[in-house]
Amino acid sequence: MEPSVTMTGTAVAVDSVTQLKIAHGLVSEHFDPDEPLTRAALHLIDCAADVVGQLPAGDLDAAREALGSARAAVISATYAVRRIHDFPRTEQE
1 MEPSVTMTGT AVAVDSVTQL KIAHGLVSEH FDPDEPLTRA ALHLIDCAAD VVGQLPAGDL
61 DAAREALGSA RAAVISATYA VRRIHDFPRT EQE
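Under the UniProt record's numbering, the residues of the sequence shown are numbered 1 to 93, in order.
What follows is the structure in structure tokens.
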């Protein structure tokens, strides 16, 4: 059985920001940063890191507001991916 770990909201936020920065580095390293989808992914990672870093520890309302913004960003990114994915097809028609 694994021991339980108690972390403060601030420690979790710092750890999450660190993980997002690592993710940013990996995406930059493994994908062409000039590609539109890569730029979009990097921008979303940057936005997430900014929001997580600014969340006050234990503020549920701020976390819910950030979650709403994140959902909107994912919807926008999904639309962009579909648009870019369909772009070559529409040019060929």
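All C-beta atoms, glycine included, are put in the ideal place defined by N, C-alpha and C.
Taking the C-alpha atoms as reference points, what is the distance between residue i and residue j?
i	j	result
Thr18	Leu55	14 Å
Ala70	Leu37	17 Å
Gly58	Arg64	11 Å
Thr78	Leu44	12 Å
Phe31	Leu60	35 Å
Glu35	Val74	18 Å
Ala25	Gly68	With the sequence shown as reference, residue 25 is identified as Gly, and Ala is not the correct amino acid for it. The alpha-carbon atoms of Gly25 and Gly68 are separated by roughly 26 Å.
Leaving out five residues on either side along the sequence, give the residues of the same chain with a beta carbon under 7 Å from the beta carbon of residue i.
i	result
Ala41	Val27
Only counting the same chain, and skipping five residues up and downstream in sequence, which positions put a Cβ closer than 8 Å to that of residue i?
i	result
Val52	Ala13, Ser16, Val17, Leu20 and Ala66
Pro33	Arg39 and Leu42
On the CB-based measure, 16 or more other CB atoms within 10 Å of its CB, does residue i come out buried or exposed?
i	result
Ala72	exposed
Legend entry - Minimum length 3: unbroken beta strand (DSSP E) runs contained in the region 18-89: none
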